[in-house]
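Accompanying notes for the structure given below.
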Amino acid sequence: MSAEQIPLAKPVLGEEEERAVVEVLRSGRLSLGPKLEEFEQFFAETVGARHASAVSSGTAGLHLGLRAVGVQDGDEVVTSPFSFVASANAVIFERARPVFADIDPLTLTLDPQAAGAAVTPRTTALLPVHIFGYPADMEAFDALAARNGLGIVEDACEALAGRYGDMRDVGARENPVVFAFYANKQMTTGEGGMVTTGDAAIKERIDSERNQGRAPDMDWLDHDRLGFNYRLSDIACAIGIVQIRRLGQTVPARRRLARAYREALAGIEELTLPCEDQGRARRGWFVFVVQLPHGVDRDETIRALGRRGVQSKPYLPAIHLMSFYRERYGHREGEFPVCEDVAARSIALPFFPEMSEGQVERVAGELRAVLAGAPA
């Protein structure tokens with residue numbers, strides 16, 4: 051990568067993480083050791099949850115969370131088509147069906163009214179996604195779940211440091227709330243995830259199922275339920291502990307960058323920026339995604355930015371229009387018009403804590419020039 055190129059994302063890792071890894075390596079406890087519980091407790095305290103279970107990925111957390119609220123073969127789960135594909139895939143892992151509903155055009159989260167219209171007698175759970183770090187309207191989903199006797203699993207894989215409309219941090223709820231620690235997230239363990247909950251029974255079940263179904267009082271010779279290899283290593287947990295301590299610097303840095311982008315991109319005609327926080331809710335800044343003006347070729351815009359040394363990416367495609375979902379469930383264009391319009395115009399711009407305001411200005415200038423038709 052040349053010095054002039056600006057990457058899309060870059061994790062913040064340093065000597066503290068190296069020392070933490072070396073400490074675990076020297077201890078000889080590489081999995082199910084003391085760092086696991088330490089990481090879980092530290093994370094739970096950070097988001098205000100009563101319980102937390104570390105798992106191998108956000109996808110694994112979604113799978114275990116759906117099992118914990120009772121999703122099984124033949125059920126339906128109402129969720130968003132505008133998300134990373136893992137949220138829908140996790141439903142299919144249990145041979146249930148993801149039933150999509152359209153999104154709110156402002157927040158881009160699952161529309162509660164559309165979700166309500168998608169509920170059928172086969173619906174077992176709701177899976178709202180806090181897309182791009184913005185929390186879904188959980189008060190509305192709580193009411194919908196209560197009326198229909200449904201479970202809720204929250205996909206908060208992009209929403210660490212977000213806040214619900216009731217002023218609680220994302221994660222501080224009774225139902226399973228799932229976070230992910232992939233390299234581009236607010237904090238990273240390389241791969242990894244966490245499920246928070248206020249229900250001790252859910253915590254106990256997830257802890258067992260992530261470890262091949264072994265109960266806490268059993269040794270490896272016996273297992274009393276079906277389980278999976280969804281453990282998170284002590285090496286990853288040690289990195290995670292350091293990363294939590296960094297949130298006091300990285301989270302404000304991301305907020306400053308978002309403000310800088312808003313100022314730098316202001317005035318570009320018909321360019322849609324991420325919505326401002328609504329009411330008392332707060333976005334946990336994960337990526338900075340803009341929607342290009344209608345009629346602009348998104349893919350050519352991405353190529354043009356790349357020629358100018360600025361990485362960008364289409365973010366996110368509509369899940370129901372992916373090949374697998376078209377072929378398996380017969381989805382077609384026109385089913386969810388808000389999602390499809392947003393997905394066709396959205397691109398993620400470079401966004402990482404070490405990014406300078408000068409780099410933000412440069413990205414904004416290059417995008418402005420590309421949209422104005424200036425030669426690369």
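Numbering (the numbering used here), first residue to last: 51 to 426. Note that beta-carbon positions come from the ideal geometry of N, C-alpha and C, so glycine has one too.
Residue Phe93 holds the alpha-carbon nearest to the alpha-carbon of Ala230 among Arg69, Phe93, Val340, Pro84. Between the segment 331-346 and the segment 389-402, the count of Cβ pairs shorter than 8 angstroms is three or higher; the stretches touch.
Distances from the alpha-carbon of Leu307 to those of Gln328, Ala250, Ile153, Glu407 put Glu407 closest.
Non-local C-beta neighbours of Ala164 in its own chain, meaning closer than 7 angstroms and more than five positions away in sequence, comprise Ala151, Asp152, ordered along the chain. Taken through DSSP and simplified to helix, strand or coil, Ser107 comes out as coil. For the pair Val203 and Asn234, the CB atoms are not nearer than the 8 angstroms cut-off. About 20 angstroms separates the CB atoms of Ile352 and Val135; that is not less than 8 angstroms, and the two are not in contact. Going by DSSP, Ser396 is part of the beta strand (DSSP E) stretching over 396-399. Sequence-distant Cβ neighbours of Asn279 in its own chain, meaning closer than 7 angstroms and more than five residues away, are Gln262. The shortest C-alpha to C-alpha distance from Gln361 to any of Ala314, Glu320, His344, Gln409 is the one to Gln409. DSSP, reduced to helix, strand and coil, places Ile252 within a helical segment of the structure shown.
Nearest Cα to Thr96 within the set Lys85, Val105, Leu200, Gly221: Gly221.
Around the CB of Ala331, 16 or more other CB atoms lie within 10 Å, so the residue is classed as buried. Contact between the segment 153-160 and the segment 97-116 is absent: fewer than three C-beta pairs spanning the two stretches fall below 8 angstroms.
Pairing Leu82 with Ile142, the inter-Cα distance amounts to about 28 angstroms.
Contact check for Gln328 and Thr239: beta-carbon distance about 31 angstroms, past the 8 angstroms limit, so the pair fails to qualify. Judged by their CB atoms, Arg117 and Glu254 are not nearer to each other than the 8 angstroms cut-off. According to DSSP, residue pairing for Arg332 in a beta bridge involves Arg213.
The alpha carbon of Leu63 has as its nearest neighbour, out of Glu144, Phe89, Gln236, the alpha carbon of Gln236.
Counted as a single uninterrupted DSSP element, the beta strand (DSSP E) harbouring Glu126 occupies residues 126-129. Contact between the segment 179-192 and the segment 212-221 is established, with three or more Cβ pairs separated by less than 8 angstroms.
Note that the C-beta distance between Ser103 and Ile291 is not below 8 angstroms. Checking the DSSP bridge columns, you'll see Thr173 partnered with Glu126. The alpha carbon of Pro131 has as its nearest neighbour, out of Tyr375, Arg264, Phe89, the alpha carbon of Tyr375. Listed in chain order, the non-local C-beta contacts of Ala414 below 6 angstroms within the same chain comprise Ala314, Leu315, local neighbours out to five positions each way being set aside. When secondary structure is reduced to three states using DSSP, Val340 falls in the strand class. Taking every protein chain shown into account, the CB of Asp269 has fewer than 16 other CB atoms within 10 angstroms, so this residue is exposed. If you draw a 10 Å sphere on the C-beta of Gly423, you find fewer than 16 other C-beta atoms in it, and that means exposed. Excluding the 5 residues flanking it on each side, Asp274 has same chain C-beta neighbours closer than 6 angstroms at Ala265, in chain order. Considered as a whole, the segment 181-236 harbours 227-230 as its complete beta strand (DSSP E) runs of no fewer than 3 residues, in chain order.
Taking C-beta separations shorter than 7 angstroms and ignoring five residues to either side along the sequence, the partners of Glu385 in its chain run His370, following chain order. Contact between Asn198 and Val169 holds, since their C-beta atoms are separated by about 6 angstroms, short of 8 angstroms. Arg348 is a Cβ neighbour of Arg395, given a cutoff of 8 angstroms. Bridge pairing for Ser362: absent [DSSP]. Taking C-beta atoms under 8 angstroms as the contact rule, Gly243 and Gly124 fail to qualify, at a distance of about 26 angstroms. For Asp192, same chain residues with a beta-carbon under 8 angstroms away, outside a window of 5 residues either side, are Ile202 in chain order.
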